[in-house]
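Trainee: The structure under discussion is supplied below as structure tokens; questions concerning it will follow.
2 protein chains.
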Amino acid sequence: MVSKLSTNIRVIQYGLGPIGRAMARYMVEKPGFDLVGAVDVDPAKVGSDIGRVIGLGGSLGHVVCERLAHVTSEADVVAHATSSHFHVFREQIVEMLEAGFDVVSTAEELSFPWLAHPREAAEVDALAKRVGRTVLGTGINPGFIMDYLPLCLTAICQRVDRIDVVRRVDASARRGPFQAKIGSGLTVEEFDGRMAAGRMGHVGLPESMDMIADTLGRTLIRREYQVEPVVASRPIKTDHVEVQPGRVAGLRQVARGYTDDGEFLTLTMVASLEQGDDAAPFEPAAPSEPAAPSEPAAPSGPWDTIRITGEPDLEVRLKGVHGDIATVAIAVNAIPGVRAAPAGLVTMRDLSIVTV
Amino acid sequence: MVSKLSTNIRVIQYGLGPIGRAMARYMVEKPGFDLVGAVDVDPAKVGSDIGRVIGLGGSLGHVVCERLAHVTSEADVVAHATSSHFHVFREQIVEMLEAGFDVVSTAEELSFPWLAHPREAAEVDALAKRVGRTVLGTGINPGFIMDYLPLCLTAICQRVDRIDVVRRVDASARRGPFQAKIGSGLTVEEFDGRMAAGRMGHVGLPESMDMIADTLGRTLIRREYQVEPVVASRPIKTDHVEVQPGRVAGLRQVARGYTDDGEFLTLTMVASLEQGDDAAPFEPAAPSEPAAPSEPAAPSGPWDTIRITGEPDLEVRLKGVHGDIATVAIAVNAIPGVRAAPAGLVTMRDLSIVTV
Numbered sequence: 028m029v030s031k032l033s034t035n036i037r038v039i040q041y042g043l044g045p046i047g048r049a050m051a052r053y054m055v056e057k058p059g060f061d062l063v064g065a066v067d068v069d070p071a072k073v074g075s076d077i078g079r080v081i082g083l084g085g086s087l088g089h090v091v092c093e094r095l096a097h098v099t100s101e102a103d104v105v106a107h108a109t110s111s112h113f114h115v116f117r118e119q120i121v122e123m124l125e126a127g128f129d130v131v132s133t134a135e136e137l138s139f140p141w142l143a144h145p146r147e148a149a150e151v152d153a154l155a156k157r158v159g160r161t162v163l164g165t166g167i168n169p170g171f172i173m174d175y176l177p178l179c180l181t182a183i184c185q186r187v188d189r190i191d192v193v194r195r196v197d198a199s200a201r202r203g204p205f206q207a208k209i210g211s212g213l214t215v216e217e218f219d220g221r222m223a224a225g226r227m228g229h230v231g232l233p234e235s236m237d238m239i240a241d242t243l244g245r246t247l248i249r250r251e252y253q254v255e256p257v258v259a260s261r262p263i264k265t266d267h268v269e270v271q272p273g274r275v276a277g278l279r280q281v282a283r284g285y286t287d288d289g290e291f292l293t294l295t296m297v298a299s300l301e302q303g304d305d306a307a308p309f310e311p312a313a314p315s316e317p318a319a320p321s322e323p324a325a326p327s328g329p330w331d332t333i334r335i336t337g338e339p340d341l342e343v344r345l346k347g348v349h350g351d352i353a354t355v356a357i358a359v360n361a362i363p364g365v366r367a368a369p370a371g372l373v374t375m376r377d378l379s380i381v382t383v
Numbered sequence: 028m029v030s031k032l033s034t035n036i037r038v039i040q041y042g043l044g045p046i047g048r049a050m051a052r053y054m055v056e057k058p059g060f061d062l063v064g065a066v067d068v069d070p071a072k073v074g075s076d077i078g079r080v081i082g083l084g085g086s087l088g089h090v091v092c093e094r095l096a097h098v099t100s101e102a103d104v105v106a107h108a109t110s111s112h113f114h115v116f117r118e119q120i121v122e123m124l125e126a127g128f129d130v131v132s133t134a135e136e137l138s139f140p141w142l143a144h145p146r147e148a149a150e151v152d153a154l155a156k157r158v159g160r161t162v163l164g165t166g167i168n169p170g171f172i173m174d175y176l177p178l179c180l181t182a183i184c185q186r187v188d189r190i191d192v193v194r195r196v197d198a199s200a201r202r203g204p205f206q207a208k209i210g211s212g213l214t215v216e217e218f219d220g221r222m223a224a225g226r227m228g229h230v231g232l233p234e235s236m237d238m239i240a241d242t243l244g245r246t247l248i249r250r251e252y253q254v255e256p257v258v259a260s261r262p263i264k265t266d267h268v269e270v271q272p273g274r275v276a277g278l279r280q281v282a283r284g285y286t287d288d289g290e291f292l293t294l295t296m297v298a299s300l301e302q303g304d305d306a307a308p309f310e311p312a313a314p315s316e317p318a319a320p321s322e323p324a325a326p327s328g329p330w331d332t333i334r335i336t337g338e339p340d341l342e343v344r345l346k347g348v349h350g351d352i353a354t355v356a357i358a359v360n361a362i363p364g365v366r367a368a369p370a371g372l373v374t375m376r377d378l379s380i381v382t383v
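Keeping their order, the protein sequence lines are chains V and C.
With my numbering as the guide, the letters of the first sequence map in order to residues 28 to 383.
With my numbering as the guide, the letters of the second sequence map in order to residues 28 to 383.
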């Protein structure tokens, strides 16, 4: 193994669920990074070599610790992937900052917490500034496709009247917990019951709405949220679940934000084993004369759509945005930018460009 | 007229061609900006009220000056739109910096000059740092669609093997000088002659290639450039030109960048009165059930395409990116970011998010 330069960023991975393990693997591969520790509460992981727990061929020479305080390696940054919710991750972030680390987290509620969690955001910001460290929450959604990228696209607009984003996740190839989170296999009644109990659905739409509205200087006077099941029209079988026709294949979740002038923003998330008619094929006619002769094949899957109505009207479609791969990528790719950012709780809009 | 707050950014518009005039109009409309002066060498403009020259209904109370030194208003920033080329704009930028202004420019060769113009870039950077001011070159292309945006999209990738961008400009609704610049109405022989003389074509492909390669840590060992006419298949008439079948309707310009591993990057610009077969309709099937019921109509025009091959493969298509509107927008929208950026010659990748 080639030894890495000492200027590498030394990272502790906190949380070794599917996303955390993938982040750890990516950091082991990625030039410029040294994975020097890992934290997880799972007794089956604690004490084992990190390399084995994250599925590398060999060992890394560091074991998984039950608590951050048990990690003995010197490190610069904690990469955090545990819970979506402030009431769970707040103490974890506080501990990381007090131990003197910069923090990059996939926690949805941390991505733009100033409006939904003002008190907690102010607390984390003040602590980070006091210890001279930086905290960022990011991911594909929230963190990119429904907030940062639409905002980036407004750079080429002279006026924005409204923004509509539709994110389509083909859940059929995703993790079992993800398929469960969107209600796959439930009856419609079970789905409605779990929804009413607040136990399902995508976390982060309020944060994405708030980042867009706040950055563009709009005040949202009303926010509406709506979730409905996507019902299977045919039998569906994945590695994790079987769904009979009439049962739930996934969900469609819509957030709407209104200003004094009316509806300004809609964020629609369709995460389903079956995308339905409104995700009908969106393919270009086969080019008779390709612009780039060596042009590669297009990725498969449904299209995400960002529409900006204004001057000019823009429509942007994206294909191939895999939620897990993308979340792992952006969380790790943002680390150098977080190291360079001023102390405090920052959001994606504060960083200079984040790239692979 | 409501008087603006004194915290507005005070801008001098330098260059009152079509782009410069549109920038000036946008700054008059845009909250947070005060247009306090303008410079142009055209004797027909010098001494006239800026408001009349840029086509506002009324006067602005400032006249167009022939030289920057003649502008008497206090100002913070110069918005610069004159020439694409360092040998023309270098002295202008130097004068602005020595007069103590931050600078945002639409000059293509300034967008990422470190490789194509290293000596000039170092000179501007050193001067900007000495006087504590910031200089940015930006625009839609270079500045966004072929460099900044593809780089932003790599944030959600774990590996990038190659990048292919195709920019399609429907020139039929563009300015006369633009239609002339792409060869509209020439015979193929005339087109080839002017190309050989270096008097036509899009400026900025080398800068876009360099920004991408440098940011992603790749070394381009070879760059290839190719320009060919797009030949009209039918008679075309615009407000500025008539083109008979067999004559030139526009151009297709391709830049290819190679690393040690082979072709890494292709940037294709098709700017034509007629887009040709390879821009065949790329429309989604009509949704049977729209995701957002109030979804606005899609913009018209050809699609731009960004393909990233890697982990994952991504394809992004954009419609409605109007070159002039977008260049004016991003140049002005970048001004607050430039004011906040450290002193020196910066590029789009150095700024925090730029939005409308």
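Virtual Cβ for every residue (Gly too), placed ideally from N, Cα, C.
Given that C:Pro-339 touches chain V, what residues does it touch there, using C-beta distances under 8 Å?
Mentor: Residue mapping note: residue 339 of chain C aligns to position 312 of the second sequence, counting from 1. Near C:Pro-339 (Cβ distances below 8 Å), the residues of chain V are Pro-326, Gly-347, Val-348, His-349, Ile-352, Ala-353.
Trainee: Tell me which same chain residues have a C-beta within less than 6 Å of the C-beta of C:Arg-221, skipping the five on either side of it?
Mentor: In the second sequence, counting from the first residue as 1, residue 221 of chain C sits at position 194. Here the set comprises Met-227.
Trainee: Please state whether DSSP places C:Ser-299 in a helix, a strand or coil.
Mentor: Here residue 299 of chain C corresponds to residue number 272 of the second sequence, with the count starting at 1. Strand.
Trainee: Looking at the unbroken alpha helix (DSSP H) that takes in V:Gln-206, where does it start and where does it end?
Mentor: Here residue 206 of chain V corresponds to residue number 179 of the first sequence, with the count starting at 1. Start and end: 203-208.
Trainee: What are the residues that DSSP puts in a beta bridge with V:Gly-371?
Mentor: Start at 1 with the first residue of the first sequence, and residue 371 of chain V comes out as number 344. Partner(s): V:Thr-161.
Trainee: What span of residues does the beta strand (DSSP E) with C:Gly-276 cover, start to end?
Mentor: Residue numbering aside, residue 276 of chain C sits at position 249 when the second sequence is read from its first letter. According to the sequence shown, residue 276 of chain C is Ala rather than Gly. Where C:Ala-276 is concerned, the enclosing beta strand (DSSP E) stretches over 275-286.
Trainee: Using the DSSP secondary-structure output, state which residues sit across from C:Val-38 in a beta bridge.
Mentor: For this step, residue 38 of chain C is matched to residue 11 along the second sequence. C:Leu-62, C:Val-104.
Trainee: Please list the segments of the alpha helix (DSSP H) lying wholly inside the segment 103-146 of chain C, counting only runs of 4 or more residues, in order along the chain.
Mentor: Fully enclosed alpha helix (DSSP H) runs of 4 or longer: 113-125.
Trainee: Classify C:Pro-233: buried if its beta carbon has 16 or more other beta carbons within 10 angstroms, exposed otherwise.
Mentor: Indexing the second sequence from 1 puts residue 233 of chain C at position 206. Label assigned to C:Pro-233: buried.
Trainee: Using a Cβ-Cβ cut-off of less than 8 Å, give me the residues of the segment 369-380 of chain V that come near chain A, in sequence order.
Mentor: The displayed structure is made up of protein chains V and C, and chain A is not among them.
Trainee: Between which two residues does the alpha helix (DSSP H) holding C:Gly-78 run?
Mentor: Taking the first residue of the second sequence as position 1, residue 78 of chain C is located at position 51. Looking at the DSSP string, the run of the alpha helix (DSSP H) that includes C:Gly-78 is 77-80.
Trainee: My assumption, with CB atoms under 8 Å, is that C:Ala-65 sits in contact with C:His-89. Please give the rounded CB distance.
Mentor: Translated into positions along the second sequence, residue 65 of chain C becomes position 38. Translated into positions along the second sequence, residue 89 of chain C becomes position 62. The Cβ separation is near 7 Å, so the contact holds.
Trainee: Would you please verify whether the beta carbon of C:Arg-344 is less than 7 Å from any beta carbon of chain V?
Mentor: Counted from its first residue, the second sequence places residue 344 of chain C at position 317. By this cut-off, C:Arg-344 is an interface position.
Trainee: Grab me the residues of V:Ile-248's own chain with a C-beta within less than 8 Å of its C-beta, minus the 5 sequence neighbours each way, in chain order.
Mentor: Start at 1 with the first residue of the first sequence, and residue 248 of chain V comes out as number 221. Counting only Cβ-Cβ distances below 8 Å, and skipping sequence neighbours, we find Tyr-285, Thr-286, Asp-287.
Trainee: Would you call the segment 372-381 of chain V and the segment 72-91 of chain C touching, i.e. three or more CB-CB distances under 8 Å?
Mentor: Output reads no: the segment 72-91 of chain C does not touch the segment 372-381 of chain V.
Trainee: Is the CB-CB distance between C:Glu-122 and C:Leu-95 below 7 Å?
Mentor: Along the second sequence, one-based indexing puts residue 122 of chain C at 95. Along the second sequence, one-based indexing puts residue 95 of chain C at 68. Yes, the pair counts as a contact, with Cβ atoms nearer than the cut-off.
Trainee: At 8 Å on the CB atoms, spell out the chain C contacts of V:Ile-357, in chain order.
Mentor: Within the first sequence, numbered from 1, the residue matching residue 357 of chain V stands at position 330. Chain C residues near V:Ile-357: Ala-182, Ile-183.
Trainee: Using only CA atoms, which one of V:Asp-174, V:Ile-36, V:Gly-350, V:Phe-139 lies nearest to V:Ala-198?
Mentor: Indexing the first sequence from 1 puts residue 198 of chain V at position 171. Considering only alpha carbons, the answer is V:Gly-350.
Trainee: Quick one: list the residues of chain V neighbouring C:Leu-243, beta-carbon separation under 8 Å, in chain order.
Mentor: For the purposes of this step, residue 243 of chain C is identified with residue 216 of the second sequence, where counting begins at 1. Near C:Leu-243 (Cβ distances below 8 Å), the residues of chain V are Thr-382, Val-383.
Trainee: If I follow the unbroken beta strand (DSSP E) through C:Glu-234, where does it start and stop?
Mentor: Numbered from its first residue, the second sequence carries residue 234 of chain C at position 207. It is not in any beta strand (DSSP E) - C:Glu-234 instead sits in the alpha helix (DSSP H) that spans 232-242.
Trainee: Going by Cα to Cα distance, which pick from V:Val-158, V:His-229, V:Thr-165 is closest to V:Phe-128?
Mentor: On the first sequence, position 101 is the one that residue 128 of chain V refers to. Ranking the options by Cα distance to V:Phe-128, first place goes to V:Val-158.
Trainee: Beta-carbon within less than 6 Å of C:Tyr-175's beta-carbon, same chain only, minus the 5 sequence neighbours each way: which residues are those?
Mentor: Along the second sequence, read from residue 1 onward, the residue named residue 175 of chain C stands at position 148. The residues are Met-375.
Trainee: Is the shortest distance between the beta-carbon of V:Cys-179 and the beta-carbons of chain C less than 7 Å?
Mentor: Taking the first residue of the first sequence as 1, we reach residue 179 of chain V at position 152. Judged by the 7 Å Cβ criterion, V:Cys-179 is in contact with chain C.
Trainee: Taking only beta-carbon positions, decide if V:Phe-41 is within less than 7 Å of chain C.
Mentor: Position 14 of the first sequence, counted from the start, is the residue given in the question as residue 41 of chain V. Sequence inspection shows Tyr at residue 41 of chain V; the Phe mentioned does not correspond to that position. V:Tyr-41 does not count as touching chain C.
Trainee: So which residues of chain V does C:Tyr-252 contact, with C-beta pairs closer than 7 Å?
Mentor: Stepping through the second sequence from its first residue, residue 252 of chain C is reached at position 225. Per Cβ cutoff of 7 Å: no residues; C:Tyr-252 is ~14 Å from chain V at best.
Trainee: With 16 other CB atoms within 10 Å as the buried threshold, where does V:Gly-277 fall?
Mentor: To locate residue 277 of chain V, count along the first sequence from 1; it is residue 250. V:Gly-277 should be labelled buried.
Trainee: Measure the C-alpha to C-alpha separation of C:Ser-315 and V:Pro-329 and round it to an integer number of angstroms.
Mentor: As a position in the second sequence, residue 315 of chain C is number 288, starting the count at 1. As a position in the first sequence, residue 329 of chain V is number 302, starting the count at 1. Note that C:Ser-315 has pLDDT 39, beneath the 50 cutoff, so the model's placement of it is unreliable and the number below is only indicative. Their backbone Cα atoms lie some 16 Å apart in a straight line.
Trainee: Within 10 angstroms of its Cβ, does V:Ala-71 collect 16 or more other Cβ (buried), or is it exposed?
Mentor: In the first sequence, counting from the first residue as 1, residue 71 of chain V sits at position 44. Its Cβ having fewer than 16 others within 10 Å, V:Ala-71 is exposed.
Trainee: Taking 7 Å as the threshold (C-beta atoms), are C:Val-68 and C:Ser-100 in contact?
Mentor: Position 73 of the second sequence, counted from the first residue, corresponds to residue 100 of chain C. Position 41 of the second sequence, counted from the first residue, corresponds to residue 68 of chain C. Taking 7 Å as the Cβ cut-off, C:Ser-100 and C:Val-68 do not qualify as a contacting pair.
Trainee: Take the Cβ of C:Pro-262 as the centre, count every other Cβ of all protein chains shown within 10 Å, and call the residue buried at 16 or more, exposed below.
Mentor: Counting from 1 along the second sequence, the entry for residue 262 of chain C is found at position 235. Looking at its Cβ environment, which holds fewer than 16 other Cβ atoms inside 10 Å, C:Pro-262 is exposed.
Trainee: If you draw a straight line from the C-alpha of C:Val-383 to the C-alpha of V:Phe-218, how long is it?
Mentor: Counted from its first residue, the second sequence places residue 383 of chain C at position 356. Counted from its first residue, the first sequence places residue 218 of chain V at position 191. C-alpha separation (whole angstroms): 40 Å.
Trainee: Chain C partners of V:Ile-167, CB-CB under 7 Å?
Mentor: Indexing the first sequence from 1 puts residue 167 of chain V at position 140. Residues of chain C passing the Cβ test: Ile-183.
Trainee: Which two residues bound the contiguous beta strand (DSSP E) that contains C:Gly-190?
Mentor: Taking the first residue of the second sequence as position 1, residue 190 of chain C is located at position 163. Note on residue identity: the sequence assigns Ile, not Gly, to residue 190 of chain C. Element bounds for C:Ile-190: 186-197.
Trainee: V:Thr-354 and V:Val-193 - do their beta-carbons sit closer together than 7 Å?
Mentor: Working through the first sequence from its first residue, we reach residue 193 of chain V at position 166. Working through the first sequence from its first residue, we reach residue 354 of chain V at position 327. No; because the gap between Cβ atoms is not below 7 Å, this pair is not in contact.
Trainee: How far does the alpha helix (DSSP H) with C:Ile-357 in it reach, from first residue to last?
Mentor: In the second sequence, the residue the question calls residue 357 of chain C occupies position 330. Per DSSP, C:Ile-357 belongs to the alpha helix (DSSP H) from 350-360.
Trainee: Excluding five sequence neighbours on each side, which residues of the same chain lie with their C-beta closer than 7 Å to the C-beta of C:Val-187?
Mentor: Translated into positions along the second sequence, residue 187 of chain C becomes position 160. Result list for C:Val-187: Thr-181, Leu-243, Ile-335, Gly-337, in chain order.
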